[in-house]
Amino acid sequence: MRCPECGKLLDLERHGYLVFDGLVWCDGCRAYDRELLWPRDFQEIEAWGRLIAENLGFEPTPLIYLDDPEIYRLEHTVLTAEADHGRRQICLYPPGLRLATLCHELAHILTGQDHTPEWAVTFARLTAWVNEALAHNQGPQGFPKMFSLSSLAQWP
Numbered sequence: 010m011r012c013p014e015c016g017k018l019l020d021l022e023r024h025g026y027l028v029f030d031g032l033v034w035c036d037g038c039r040a041y042d043r044e045l046l047w048p049r050d051f052q053e054i055e056a057w058g059r060l061i062a063e064n065l066g067f068e069p070t071p072l073i074y075l076d077d078p079e080i081y082r083l084e085h086t087v088l089t090a091e092a093d094h095g096r097r098q099i100c101l102y103p104p105g106l107r108l109a110t111l112c113h114e115l116a117h118i119l120t121g122q123d124h125t126p127e128w129a130v131t132f133a134r135l136t137a138w139v140n141e142a143l144a145h146n147q148g149p150q151g152f153p154k155m156f157s158l159s160s161l162a163q164w165p
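All the letters of the sequence shown, read from the start, carry residue numbers 10 to 165 under our numbering.
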C-alpha cells in the first residue's frame with residue numbers, strides 16, 4: 010500500500026505512524042481529527058460501538074473494560090486494547106478509550122485479520138463513517154461532540 014497523496018510505501022505493522030480515514034495515509038500527509046483521539050468514558054465507547062454496528066450492518070461487538078495498570082502498562086509503552094478474534098470481543102484499557110482505537114479493534118474483529126491490507130481498508134472505512142457522524146453531530150444520544158462550539162460555550 011502507498012499513501013494516496015505522496016506515494017510513500019506504507020508499513021501496516023507500524024500503523025501508529027499512519028492515518029486511517031477513508032483511505033490509508035502516511036502521517037506526514039494527514040492527521041486524525043482530535044475528536045477521534047480525545048479520551049472518552051467507556052459508556053460512550055460502548056454506545057459508539059453499537060451505533061457503528063447498527064449503521065454498518067454487523068452484530069455489535071462486546072466490549073470489556075479493564076483498568077488494572079499491571080495489565081496495560083508495558084516496559085516502554087502502554088497497551089490500549091486487544092481484539093479477541095475467537096470470542097469476537099474487544100478488551101479496552103484506559104489509554105484506549107478513544108474512537109480511533111475502537112475503529113482499529115473493530116477492523117480486527119470484522120476481518121479476522123491482523124495488520125493486513127483488508128484490515129487497513131476496513132479500519133479506514135470505519136473511521137470515515139465515525140468522522141462523518143461526528144461532522145453532522147449524529148453520534149450516540151446523550152454524548153455530544155467534544156469540540157462543538159456549543160460544548161465550548163458551556164465551559165466556565
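We put the beta carbon where it would ideally sit given N, CA and C, even for glycine.
- Cα atoms of A92 and C15: separation of roughly 31 Å, rounded to the nearest angstrom.
- Ranking D123, H24, G31 and L18 by CA distance to the CA of A137 puts G31 first.
- With distances taken between CA atoms, E79 lies nearest to T89 out of C112, P71, T89 and N140.
- Within the same chain, Cβ atoms closer than 7 Å to the Cβ of L27 are found at L19, V33, W34, C35 and D36, the five residues on either side in sequence being excluded.
- Only residues of its own chain outside the window of five on either side were considered, and among them V87, L88 and Y102 have a CB closer than 6 Å to the CB of Y81, listed in chain order.
- The beta carbon of T125 is closer than 8 Å to those of L21 in its chain, skipping five residues each way along the sequence.
- Non-local C-beta neighbours of P69 in its own chain, meaning closer than 7 Å and more than five positions away in sequence, comprise G58, R59 and A62, ordered along the chain.
- Within 10 angstroms of the beta-carbon of L135 lie 16 or more other beta-carbons, which makes it buried.
- Taken atom to atom, the span from the alpha-carbon of C112 to that of H85 is near 24 Å.
- In the DSSP assignment, Q52 falls within the unbroken alpha helix (DSSP H) covering F51 to L65.
- Relative to the Cα of D50, the nearest Cα in the group I118, L115 and P104 belongs to P104.
- In the DSSP assignment, W128 falls within the unbroken alpha helix (DSSP H) covering P126 to A144.
- Straight-line spacing of the CA atoms in H145 and L45 works out to 14 Å.
- Beta-bridge analysis with DSSP links F29 to V33.
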